[in-house]
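Here the structure is laid out as structure tokens; the discussion comes afterwards.
Laid out in structure tokens, this is it:
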């Protein structure tokens, strides 16, 4: 079972309680928890692609880390970002690569 998401309530609960509810209790507790429709790995791949495409870099680090925790490898994220570069733009790919390198940096050190 996935860890209960509380970021919405923690960061916006007082200011935007309805949004916090949708974020934590619907998006993460219901949609993300539905492993029969999509695995957490695949859902992370899709979400990361959408965030990169939108240029929503504020959310990218959290989702890269979540994707890594959901089993995305350094090779997979590199292939995903390379593929996206041709569809969403080179600058967005560069930005995503810089963040992905930081998230998977410990993997590279462990391999050497």
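In this note's numbering, the protein residues as written are 329 to 440.
All residues carry an ideal CB built from backbone N, CA and C; glycine is no exception.
Just so it is clear, the structure is predicted and the values come from calculations on it, not from any experiment.
Only counting the same chain, and skipping five residues up and downstream in sequence, which positions put a Cβ closer than 8 Å to that of residue i?
i           : result
residue 410 : 421
Figure out for me which residue from the options has the closest Cα to the Cα of residue i.
i           : options            : result
residue 381 : 336, 368, 393, 408 : 408
residue 423 : 370, 435, 401, 376 : 376
residue 435 : 412, 418, 414, 393 : 393
residue 405 : 384, 430, 419, 386 : 430
residue 428 : 402, 414, 358      : 402
residue 361 : 412, 384, 331, 413 : 331
residue 384 : 340, 343, 416, 339 : 416
residue 426 : 388, 395, 400, 396 : 388
Give the secondary structure of residue i by DSSP, where H, G and I count as helix, E and B as strand, and everything else as coil.
i           : result
residue 358 : helix
residue 400 : coil
residue 426 : helix
residue 420 : helix
residue 383 : coil
residue 363 : coil
residue 521 : Since the first residue of the chain shown is 329 and the last is 440, residue 521 is not available in this structure.
residue 333 : coil
residue 348 : helix
Give me the Cβ distance between residue i and residue j, rounded to the nearest whole Å; I'm assuming they're in contact under 8 Å.
i           : j           : result
residue 433 : residue 398 : In fact, because the Cβ distance is near 18 Å, the residues do not count as touching under 8 Å.
residue 379 : residue 391 : 6 Å
Going by beta carbon distance, what residues of the same chain come within less than 6 Å of residue i, once the five residues before and after it are set aside?
i           : result
residue 337 : 348, 352
residue 356 : 333
residue 413 : 421
residue 343 : none
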